[in-house]
Amino acid sequence: MNKIHTLVLIVAFAAFASCIRDPSKDDIYTNNTGPYEPTTSVTLTDSFGSNIIYRKEATANILVAIKMKAGVSLKTLKIERRIDLDAPEVVSFNDRVDTVTNFKSTYTLKDNITTPLTEGSIITYMITVTDSKLLVATASIFYIVKRENNVLISNDIELAGQQNTLLDKNFQGLVNNFESYSHGGTGNAGINSYYIDFVYYFDPMNLNVFASPNNVMAENSYWVSEIATWSRQNDTKFKITSINSVQFDSIKSTSKSDDSFYNTDFSTGSTDKITNFLLNDVYAFRNVYGKVGLLKFTQVASDETGSIKVQIICQK
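Residue numbers (the working numbering): 45 to 360.
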């Protein structure tokens, strides 16, 4: 019986020993006192702390940190990028890191993405390293693709009615820091017609009017003789928006946009002129070059000798 008991104990010990994980062959393992540290660990973090890639910039700045135990060196390092569910693409690879004399265990990887990006897409970066003990460590980080959140913002822009003798600015654009243009032989509107998106005039029936240059031509309205000499009459579209004056000011103060601003659908319900607008009215617009923005009227005129003031927010 003693021989049988001894044999059972030997078999049981062998079975127990076979369940113990060999520290030299795994990067994480446990014993009765708790977990050991892995020989190598890696982390990926966004150097700006936002985990956002803007669609236009299409650049990620990833902080790569590799921690190794004393006496352990790095053999291989690979970083891959995956856009949504597409196949991963290798963006950085070195199959003998231990031969690189200036290797840094912490560095920033700047990845310039040439693939066109779609708003809302998820971009995942994955790092895989192998150390001198042939152990593998991995980490990943994800980014969400967003549109640019910066906008161009004007202060109050004053535009004159057609009988105003103190101010000759009647036409407005978005370029050159929202430059206004003047009429007449000495004015600068004609030579800058490519940049003019808005025409202001006062009409006894429609009162204050903000129009597209091509609308003036089509309706033979005020300033038609001026605009007929231009080499281009731009087509600007306007639309009533759910954004009110307070929300406009919020976008302006934070220099950020929201979906109701950028995603305005101009395919239906748009017009090429705004009539009888009131103080603090807000409208959306899209110019001929596809830039979307908002208008807020901060002063209105009572006749053609007066002037209006408008504030503009638009895409960069």
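Built from N, CA and C at the ideal position, the CB exists for glycine as well.
If we ignore side chains and look at the alpha-carbon of each, how far apart do Leu178 and Thr103 end up?
-> 32 Å
Do you know whose CA, among Gln277, Asp128, Ile356, lies nearest Tyr327's CA?
-> Ile356
Among Asn250, Leu210, Val268, which has the Cα closest to the Cα of Ile318?
-> Asn250
CA-CA distance, Tyr225 and Ile171?
-> 55 Å
Endpoints, beta strand (DSSP E) assigned at Thr230 | Segment: none, Thr230 is in no beta strand (DSSP E) and carries neither H nor E.
Distance, Cα to Cα, Asn278 vs Val173?
-> 56 Å
Note down the Cα distance separating Leu211 from Phe246, rounded to an integer number of angstroms.
-> 14 Å
Look up Ile110 in the DSSP assignment and give the residues it is bridged to.
-> Val86
Any idea what DSSP makes of Thr77, helix, strand or coil?
-> Unreliable placement is indicated for Thr77, whose pLDDT of 43 sits below 50; the coordinate value is still reported in the next sentence. Thr77: coil per DSSP, three-state reduction.
List the endpoints of the continuous beta strand (DSSP E) containing Lys213.
-> 213–217
Should the region 112–121 be regarded as contacting the region 204–220, the criterion being three or more beta carbon pairs within less than 8 Å?
-> no
Is the beta carbon of Leu362 less than 8 Å from the beta carbon of Ile97?
-> Here the chain comprises residues numbered 45 to 360, so residue 362 is not present and cannot be evaluated.
Simplified DSSP assignment, three categories, for Ile271 = helix
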